[in-house]
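Residue numbers (my numbering), protein chains in the order written: chain G, 47 to 142; chain D, -19 to 371.
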């Protein structure tokens, strides 16, 4: 979502705020909401996938060899860091 | 066309039945109960193909109606007073999501104190909710307007929910001979609803998404436009309805306004009483007139002020109180409509009939005589008259 684009007016918007494109929430990159970002220490990670289970935004994905954090959507809630049994995830302040 | 003895509530239920509604989700409340009770009997007897959803409150009723409407269904419900108040937040959602739901409202006083009788306070409290509001004078009008309401609501240029309002008990529970249409005629008039967007698993879309500061205003402006389109659509629908019934409906109805010096404007059954009083006074040579609004929301400023501005004195009847406001709801709207004209009538507000208090012809005659005095002297004795209250 950039504020530089000219936004549509009431005449062209769909009636009643209906969103006509399915799955359009993928376009809304909530990653820029973060103040703190989760960083995983792969040395400590045991691939238990607790962080994947607990992530409320599905921003942690399962890969063949472990987890991967999708920073385009991660909002930095810190639940993954809190739940990790090995304290392998640290919340690091985002640099401006 | 067959004349059937029915009450206002029964007439509404019968009209909804003939309109082939797909879903009814409702909760009972006096004096509306018979609307949905009668309808549920049609469902139980297999006379309609309607899904009747019993819900635990009016809030749930309107929520279910909104969901149903978004699937493209034709939806009907009914309520009164406290029930309308309970579904208040959902009224805005129904209009914001552009659901062409039709609701029968048997207008009843709002508690406290608890009163089950007829006044307009319930729907007046919801006049900003984005619903089209029609007020009827009798059971015949209730029948006719429910059928027309579906056509108005579902028009591509409107897509707004519509309430058809009947005075609680006075219209809802009194039996009249109602001239009804054949099922086939109503089917031909209404046809199946053709929705713009619907919930469809094959083509998924989203309704009711979150909207931030940068978009909300635009969607409200769309609703304004829809409201502005109502009168044109209403005229078209009424004209077509006249073609099949011979009955003439529009935004308002007048009596004696061609040469009236003093007039009354009101909503609902009181218009009938006022008309009879006016007829008697006109026979005595008094120049009085009556304006009955069918369409209250949207308020047709141009047409209404056109009809009113030439009288010398105007009494605006409000069957509801707007506490702390300079005038009652209808009177405030009338005064606003007339304020841009240099020459406009002397106006006073008459608050009457609250909690179902009966309004006598003699009381209306008193108001006409006061208005005629004001017409002569240019003096308004009381800007707000509380008609019928014991001091």
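Think of the CB as a built atom: it goes at the ideal place given N, C-alpha and C, for glycine as much as any other residue.
Query: Complete alpha helix (DSSP H) runs within the segment 83 to 152 of chain D (minimum length 4 residues, chain order); Result: 101 to 104 and 119 to 134
Query: Uninterrupted alpha helix (DSSP H) stretches inside the segment 176 to 260 of chain D (no shorter than 4 residues); Result: 196 to 225
Query: Per-residue contacts from residue 75 (chain G) into chain D (C-beta, under 7 Å); Result: Under the 7 Å cutoff, chain D gives no residues; its nearest Cβ is about 15 Å from residue 75 (chain G).
Query: Own chain residues within Cβ distance below 8 Å of residue 66 (chain G), not counting five before or after; Result: 60
Query: Residues that residue 72 (chain G) contacts on chain D, provided the C-beta gap is smaller than 9 Å; Result: Here the premise fails: no neighbours, minimum Cβ distance about 13 Å.
Query: Nearest-angstrom Cα separation, counted from residue 101 (chain D) out to residue 373 (chain D); Result: This structure leaves residue 373 (chain D) out entirely; chain D is present only between -19 and 371.
Query: Proximity to residue 65 (chain D) [Cα-Cα], best of D:25, D:9 and D:13; Result: D:9
Query: Nearest neighbour of residue 12 (chain D), chosen from D:71, D:85 and D:53 [CA to CA]; Result: D:85
Query: Closest by C-alpha distance to residue 123 (chain G), when choosing among G:139, G:71 and G:113; Result: G:139
Query: The segment 109 to 128 of chain D contacting the segment 70 to 82 of chain D, beta-carbon criterion three pairs below 8 Å; Result: yes
Query: Whole-number beta carbon distance between residue 245 (chain D) and residue 213 (chain D), since they are thought to touch under 8 Å; Result: Contact flag wrong, Cβ pair sits at about 23 Å.
Query: Three CB pairs or more closer than 8 Å across the segment -4 to 3 of chain D and the segment 51 to 62 of chain D; Result: yes
Query: Continuous beta strand (DSSP E) stretch holding residue 341 (chain D): start and end; Result: Run containing residue 341 (chain D): none in the beta strand (DSSP E); it sits in the alpha helix (DSSP H), 341 to 357.
Query: Beta carbon proximity, residue 133 (chain D) to chain G, threshold 8 Å; Result: no
Query: Distance between residue 370 (chain D) and residue 344 (chain D) (C-alpha atoms, nearest Å); Result: 17 Å
Query: CA nearest to the CA of residue 113 (chain G), picked from G:137, G:96 and G:125; Result: G:96
Query: Reduced DSSP secondary structure (H/G/I, E/B, other) of residue 310 (chain D); Result: helix
Query: Bridge partner(s) assigned by DSSP for residue 85 (chain G); Result: G:136
Query: Distance, residue 257 (chain D) Cα to residue 340 (chain D) Cα; Result: 10 Å
Query: Chain D residues whose Cβ lies nearer than 9 Å to that of residue 68 (chain G); Result: 183, 184, 185 and 186
Query: Limits of the unbroken beta strand (DSSP E) element including residue 113 (chain G); Result: 112 to 115
Query: Residue range of the unbroken alpha helix (DSSP H) whose run includes residue 66 (chain D); Result: 61 to 66
Query: C-beta atoms of residue 158 (chain D) and residue -16 (chain D) nearer than 8 Å; Result: yes
Query: Continuous alpha helix (DSSP H) stretch holding residue 364 (chain D): start and end; Result: From DSSP, residue 364 (chain D) is part of no alpha helix (DSSP H) but of the beta strand (DSSP E) over 364 to 367.
Query: Integer-rounded CB distance, given that residue 307 (chain D) should sit under 8 Å from residue 250 (chain D); Result: Actually they do not touch by this definition, with Cβ atoms about 17 Å apart.
Query: In DSSP terms, what residue 31 (chain D) is bridged to; Result: D:3
Query: Start and end residues, alpha helix (DSSP H) containing residue 100 (chain G); Result: 96 to 100
Query: Three or more C-beta pairs below 8 Å linking the segment 308 to 323 of chain D and the segment 291 to 300 of chain D; Result: yes
Query: Rounded C-alpha distance that separates residue 172 (chain D) from residue 248 (chain D); Result: 30 Å
Query: Cross-chain neighbours of residue 76 (chain D) in chain G, by beta carbon under 8 Å; Result: 62 and 63
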